[in-house]
Structure formats: C-alpha cells, structure tokens
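Residue numbers (my numbering): 11 to 91.
Next comes the structure, spelled out in structure tokens:
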C-alpha cells in the first residue's frame, strides 16, 4: 500500500481520491508516521485485528462446549467437599 506525506496528499488529492475510489487505498503519514488510511467508502470494513473469523469452517465446536468442565469448575467453589 502506498504511503504519502501530507504535502504529497494535498498536492495530489484529486488523483488519490480517484485511485482510492477505484480500489487502491493509501496511507497519509505525518513526519514519517502513518496517520490515516484512505479507502473507498463502499469497501468492506475489516475488523481492527483482522483475525475475526479466521477459523470459520475449519474447526468443530462440540454441542456441549458450554458445559465442558462445569463439574470441575463448580468443585473449585466448594472447597472441602
């Protein structure tokens, strides 16, 4: 992904907006540090960490998952039994 400093972005704003709208996002940096990411308004939003759902369809969760270990956990709250 291309990175532009603020001056470059201001100078080429119209061209950069057209590029972002065409699916080419870019980053604007201030003093070498990324400040904003410009993407098309209709582009799909990503989760902040980018990992949500990364195992979807790859693992199976047992039907009794919420009850697994419940006896052991309950015993921890009944000391001396």
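All C-beta atoms, glycine included, are put in the ideal place defined by N, C-alpha and C.
Every value quoted in this text rests on a predicted model; they were computed, and no experiment measured them.
> Can you tell me where the beta strand (DSSP E) with residue 13 in it begins and where it stops?
Replying inline: 12-15 is the span of the beta strand (DSSP E), which, as asked, contains residue 13.
> Applying the criterion that 16 or more other CB atoms from any shown protein chain within 10 Å of the CB defines a buried residue, is residue 26 buried or exposed?
Replying inline: Taking a 10 Å sphere around the C-beta of residue 26, we find 16 or more other C-beta atoms and assign the residue as buried.
> Which of helix, strand or coil does DSSP assign to residue 27?
Replying inline: Shown here, residue 27 sits in a helix according to DSSP, grouped into three states.
> Ends of the alpha helix (DSSP H) at residue 39?
Replying inline: Unbroken run through residue 39 is the beta strand (DSSP E), 36-40; no alpha helix (DSSP H).
>> For residue 44, list the residues DSSP reports as bridge partners.
In response: Answer by DSSP bridge pairing, in chain order: 39.
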